[in-house]
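> When you line the sequence shown up against full-length UniProt numbering, it's residues 1 to 270, in that order. Yeah, the Cβ is synthetic: ideal placement off N, Cα and C, and Gly gets one too. Structure in structure tokens, see below.
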Amino acid sequence: MTGSTPSSSASPSSSRPPSASRRSRRRTVAAVAVLAAAAVTAAFALTLDDADNREEKAGDPAAVTASAAPAPADEGLLALARRDASDPLAIGRADAPVVLIEYSDFQCPFCGRFARETKPELLRSYVDKGTLRIEWRNFPIFGEESEQAALAGWAAGRQNKFWEFHDVAYGKPRERNTGAFDAENLVAMAREAGIADIERLQADMASDEARGAVRADQEEGYTLGVTSTPAFLVNGRPILGAQPTDTFEEAVETAAKAAKTANTTKGAGR
1 MTGSTPSSSA
11 SPSSSRPPSA
21 SRRSRRRTVA
31 AVAVLAAAAV
41 TAAFALTLDD
51 ADNREEKAGD
61 PAAVTASAAP
71 APADEGLLAL
81 ARRDASDPLA
91 IGRADAPVVL
101 IEYSDFQCPF
111 CGRFARETKP
121 ELLRSYVDKG
131 TLRIEWRNFP
141 IFGEESEQAA
151 LAGWAAGRQN
161 KFWEFHDVAY
171 GKPRERNTGA
181 FDAENLVAMA
191 REAGIADIER
201 LQADMASDEA
211 RGAVRADQEE
221 GYTLGVTSTP
231 AFLVNGRPIL
241 GAQPTDTFEE
251 AVETAAKAAK
261 TANTTKGAGR
């Protein structure tokens, strides 16, 4: 994982790590056995790389460009959904017809925008009704504070408080790499999130298991070609950046209809 401070660069609706980190961390699509067709993942990588590389600071309004529009869905990416009912970094029914996988960094301003503006709507309209499941993937790309925040989030999940920690961490825009996610502030966020055992949180953060879990999420994203945050898969349909809420609603509804049609066809064929 990178520990250097990134150069300031971001797409209009997503944040990017330094170019050197991108080059060193990128993995070829051929390396992933679970994604059967290399063409699928290559298309995903191209979709993500299509956004402009433009400066954007935390809290600034994010423009949305046509280049960030969702790519077509592909069933080859559906296997990435873990659907583990005991996963504390997921919310929604494990058997929901639609799974949204989110690759995010707690220091990414656009991830915060999604968390504050879009996620609550998706919870009300789809997760609470059993249509959608959201699975979080830690994808820290902005250095040590991002990594520590990811470890803290994972550790919060060990006490079933990941989403409470998530909401506190994204509760307001925070400047990157200025101490907002240092050890003291992470403990304060954990307390605000209702985490009672801070010593356990700190021990879990320092564990090899925590680092392994975060690294596994990163490697999954890098192998796909994810180079900026946030990045999403909605039943195999890539979406880059903090797009308008209706973009996600359209993707979820399209995926739900496709899943229903597939189940109907499967049932008729029995």
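With which residues is W136 paired in a DSSP beta bridge?
Note: W136 sits in a beta bridge opposite E102.
> With a CB to CB cut of under 7 Å and the five nearest residues on each side skipped, what residues in its chain are close to G112?
Y170 and P173.
> Of the choices I198, L78 and T227, whose alpha-carbon is the least far from that of A259?
Selected option, being the one with the closest Cα: L78.
> I'd like the span of the alpha helix (DSSP H) that includes I198, first residue to last.
Start and end: I198 to M205.
> Which same chain residues end up closer than 7 Å to residue 299 when comparing Cβ atoms and leaving out the 5 residues on each side of it in sequence?
Given that the chain is displayed from residue 1 to residue 270, the structure contains no residue 299 and the question cannot be resolved.
> Would you kindly work out how many angstroms separate the C-alpha atoms of S13 and S86, rounded to a whole number?
So the alpha carbons of these two residues sit roughly 32 Å apart.
> Please specify which runs of the beta strand (DSSP E), each continuous and at least 3 residues long, are wholly inside the stretch 214–259, giving them in chain order.
Qualifying beta strand (DSSP E) stretches, in chain order: 231–234 and 237–240.
> From F165, G143 and G194, pick the residue whose C-alpha is nearest to that of E176; which is it?
First, the amino acid is wrong: residue 176 is Arg here, not Glu. Answer by Cα proximity: G143.
> Taking the C-alpha atoms as reference points, what is the distance between F232 and I198?
Distance between the alpha carbons of F232 and I198: 31 Å.
> Let me know the secondary structure DSSP gives A90 once reduced to three states.
Strand, per DSSP.
> Helix, strand or coil for V15? Go by DSSP, reduced to three states.
Sequence check: residue 15 is Ser here, not Val. Strand, per DSSP.
> I'd like the list of long-range same chain contacts for E249, defined as Cβ closer than 6 Å, with 5 residues on each side in sequence excluded.
Hits under 6 Å: none found.
> Look at F181 and Q202 and say whether their C-beta atoms are less than 8 Å apart.
Taking 8 Å as the Cβ cut-off, F181 and Q202 do not qualify as a contacting pair.
> Nearest-angstrom Cα distance between S146 and N263?
Spanning the two alpha carbons is a distance of roughly 40 Å.
> Under the three-state reduction of DSSP, which class applies to A262: helix, strand or coil?
Note: A262 maps to helix in three-state DSSP.
> R191 to Q159, Cα distance in whole Å?
Those two C-alpha atoms are separated by around 12 Å.
> Give me the Cα-Cα distance between A36 and Y222, rounded to the nearest whole angstrom.
With a pLDDT of only 34 at A36, under the threshold of 50, the placement of this residue in the model should not be trusted, and no figure is reported.
> Considering only their Cβ atoms, is the gap separating G157 from L89 smaller than 8 Å?
Yes; because the gap between Cβ atoms is below 8 Å, this pair is in contact.
> With DSSP collapsed to three states, give me the class of T178.
Here T178 sits in coil by DSSP.
> Please confirm whether any heavy atom of the ligand COA lies closer than 7 Å to the CB of T118.
Absence of the ligand COA is noted for the structure shown, with no ligands found whatsoever.
> What residues in its chain sit with their C-beta under 8 Å from that of V214, if we drop five residues either side in the sequence?
Correct list, in chain order: M1, N138, P140, E147, A150, L151 and W154.
> Under a Cβ-count criterion, where at least 16 other Cβ atoms within 10 Å of its own Cβ denotes burial, should E135 be classed as buried or exposed?
When all chains shown are included, E135 counts as buried.
> Less than 8 Å between the CB atoms is what I'm expecting for I239 and T247, so what's the real figure, rounded?
With 8 Å as the limit, I239 and T247 qualify as a contact, their Cβ atoms being about 7 Å apart.
> Ends of the alpha helix (DSSP H) at P120?
Here the alpha helix (DSSP H) through P120 covers K119 to L122.
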